[in-house]
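Enquirer:
Residue numbers (this note's numbering), protein chains in the order written: chain H, 1 to 261; chain Z, 262 to 460.
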């Protein structure tokens, strides 16, 4: 029993590894930078934007280091958009791999998501290092809290990606709406603001969003006691668990209806 | 909703070879996708107790964006085989030479089919799902395919889809005849071919 379980785990590990390698070749080819693109790509999104801000915006916003606020805002947005974006109609585009029966839809999903998460964390570390050296930023005051917040960002992105992957397979409308949502997401997700800055009425509504919850924890980790935050790990876990179950269910349903040439 | 296949039922014993006959649009491709596991049946079950190959055909399981060599590595990894073993076999069998380092999407359909076939033989399944591959390649390749599939692996099960009646007659004892989405198994291959030819 335990033996076969270990064997299964080992197989799954091998399959996901092979899928990740395939994904890297697919996306970046084998010439030039290759694998390094994985890390360079999100950096190319993050560094220029943040650097420009560091020139045109005040060094402090609401008494907080602007770059610390921007880095802890922008990288989670990138993670969310990339993890979800890469799952748009991913079942269809991966049909051929599923002819290998030990490859499940879940493996393909996980391989892609893990790549994006890995790339994003590398970009996060590089960006923070970059601005630490420039002196525009400080290290997080409360690292465990920072990790917890980032963990929730990852969970939130992955559970939404399950839904995006499943729903774009079923409906053209979702596919069209998604870019709009992912763009406006920047405004309401909590990228630019702390819950504390909102009027109490709006704050109470805004805090229903798992993204803002995660942001609150990330910011609590970054700035420590200098700010008042509203992150609630219990609520966030609860909502994300439901969202994940919904996503897994939707994915299983979508699998039945995808037509593969 | 349009029903493509219904009431199709058959069992395949170890070592047995069954032919699948059907005109275009009879549901052969759907059957292949169901057996191959990329599509799920709306109702009913497919029980696999042998290791069943992917559909060995023109397209099939090779990944077009990857090179031949990367496909070899990919297959070796997910089936847990030594890369070297798979590569040696594929190099020898598919005769693709330097094309192995080119992306598969640049291959001709015959070359892709050869790679696909070679990979499936290298992995070594209990049961092969052969989808119109027996007419691929030149005479020499066909002879090799025949040797690898029907002589060296004569103990394996096979589900054979082919337009070449002689092969089906030589190797299959039974046939599943598909007609307008319905399927019937005949224990006499000659009778099955006769009925198929009368459609």
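All residues carry an ideal CB built from backbone N, CA and C; glycine is no exception.
Going along the segment 98-116 of chain H in order, which residues come within less than 7 Å of chain Z, judged by CB to CB distance?
Expert: 98, 99, 100, 101, 102 and 103
Enquirer: Along the chain, where does the beta strand (DSSP E) that runs through residue 389 of chain Z open and close?
Expert: For residue 389 of chain Z, the enclosing beta strand (DSSP E) begins and ends at 388-392.
Enquirer: Can you find a CB in chain Z that lies within less than 7 Å of the CB of residue 15 of chain H?
Expert: yes
Enquirer: Which residue or residues does DSSP assign as beta-bridge partners of residue 440 of chain Z?
Expert: Partner(s): Z:443.
Enquirer: Taking the CB atoms as reference points, tell me whether residue 89 of chain H and residue 23 of chain H lie closer together than 7 Å.
Expert: No, they are not a contact pair.
Enquirer: Scan the segment 327-339 of chain Z for residues whose Cβ lies nearer than 7 Å to a Cβ of chain H and list them as they occur along the chain.
Expert: 327, 331, 335, 338 and 339
Enquirer: Quick check: the segment 139-151 of chain H against the segment 218-235 of chain H, are at least 3 beta-carbon pairs closer than 8 Å?
Expert: Touching, yes, given that three or more Cβ pairs across the two stretches are closer than 8 Å.
Enquirer: Excluding five sequence neighbours on each side, which residues of the same chain lie with their C-beta closer than 8 Å to the C-beta of residue 119 of chain H?
Expert: 38, 39, 41, 42 and 82
Enquirer: Could one say the Cβ of residue 18 of chain H lies closer than 7 Å to chain Z's Cβ atoms, at least one of them?
Expert: yes
Enquirer: Under a CB-based cut-off of 7 Å, is residue 442 of chain Z close to chain H?
Expert: no
Enquirer: Residue 343 of chain Z versus chain H: which residues are under 8 Å apart at the beta carbon?
Expert: Within 8 Å Cβ-Cβ: nothing; residue 343 of chain Z doesn't reach chain H, min ~13 Å.
Enquirer: Report all residues from its chain with a CB closer than 8 Å to the CB of residue 97 of chain H; omit the five preceding and five following residues, and keep chain order.
Expert: So the list reads 19, 22, 103 and 108, once near-sequence residues are dropped.
Enquirer: When you compare the CB positions of residue 282 of chain Z and residue 442 of chain Z, do they come within less than 7 Å of one another, or not?
Expert: In this structure, residue 442 of chain Z does not lie closer than 7 Å to residue 282 of chain Z by Cβ.
Enquirer: Which whole-angstrom value describes the C-beta separation of residue 67 of chain H and residue 79 of chain H, a residue pair presumed to lie in contact below a C-beta threshold of 8 Å?
Expert: Residue 67 of chain H to residue 79 of chain H, Cβ: 18 Å. No contact.
Enquirer: Could you give the residue range of the alpha helix (DSSP H) that holds residue 239 of chain H?
Expert: Element bounds for residue 239 of chain H: 233-257.
Enquirer: List, in order along the chain, the chain H residues whose C-beta lies closer than 8 Å to that of residue 298 of chain Z?
Expert: 98, 99 and 101
Enquirer: If we ignore side chains and look at the alpha-carbon of each, how far apart do residue 26 of chain H and residue 327 of chain Z end up?
Expert: 7 Å
Enquirer: Compute the distance between the beta-carbons of residue 71 of chain H and residue 186 of chain H, then report whether it is under 7 Å.
Expert: A distance of 7 Å or more separates the beta carbons of residue 71 of chain H and residue 186 of chain H.
Enquirer: Which partner residues does residue 47 of chain H have in the DSSP bridge list?
Expert: Residue pairing by DSSP places residue 47 of chain H in no beta bridge whatsoever.
Enquirer: At a Cβ threshold of 7 Å, is residue 322 of chain Z touching chain H?
Expert: yes
Enquirer: Could you compute how far the alpha carbon of residue 148 of chain H sits from the alpha carbon of residue 54 of chain H?
Expert: 27 Å
Enquirer: When you check each C-beta in the segment 41-59 of chain H against every C-beta of chain Z, which residues fall closer than 9 Å?
Expert: none
Enquirer: Only counting runs of 4 or more residues, tell me where the alpha helix (DSSP H) segments fall wholly within the segment 113-180 of chain H, in order along the chain.
Expert: 143-170
Enquirer: Find the nearest neighbour of residue 17 of chain H within the set Z:284, Z:341 and Z:274, judged by alpha-carbon distance.
Expert: Z:341
Enquirer: Pair every Cβ in the segment 201-214 of chain H with every Cβ in the segment 149-159 of chain H, then say whether three or more of these pairs are closer than 8 Å.
Expert: yes
Enquirer: State whether the segment 346-363 of chain Z contacts the segment 292-304 of chain Z, with contact taken as three or more CB pairs (one from each stretch) at a distance under 8 Å.
Expert: no
Enquirer: Just mark residue 1 of chain H as buried or exposed, buried being the case when its beta carbon has 16 or more other beta carbons within 10 Å.
Expert: exposed
Enquirer: Tell me the rounded alpha-carbon separation between residue 392 of chain Z and residue 381 of chain Z.
Expert: 12 Å
Enquirer: Quick one: what's residue 61 of chain H bridged to in DSSP?
Expert: By DSSP's assignment, residue 61 of chain H forms a beta bridge with H:64.
Enquirer: Can you grab the Cα-Cα spacing for the pair residue 161 of chain H / residue 394 of chain Z, in whole Å?
Expert: One C-alpha to the other measures close to 38 Å.
Enquirer: Going residue by residue through the segment 340-398 of chain Z, where are the continuous beta strand (DSSP E) segments of at least 3 residues, counting only ones entirely within it?
Expert: The DSSP assignment places 388-392 as complete runs of the beta strand (DSSP E) inside the segment 340-398 of chain Z, in order along the chain (cut-off: 3 residues).
Enquirer: Can you find a heavy atom of the ligand GTP that lies under 6 Å from the Cβ of residue 271 of chain Z?
Expert: Looking at this structure, you won't find the ligand GTP or any other ligand, since it has none at all.
Enquirer: Chain Z beta carbons: is any one of them nearer than 7 Å to that of residue 256 of chain H?
Expert: yes
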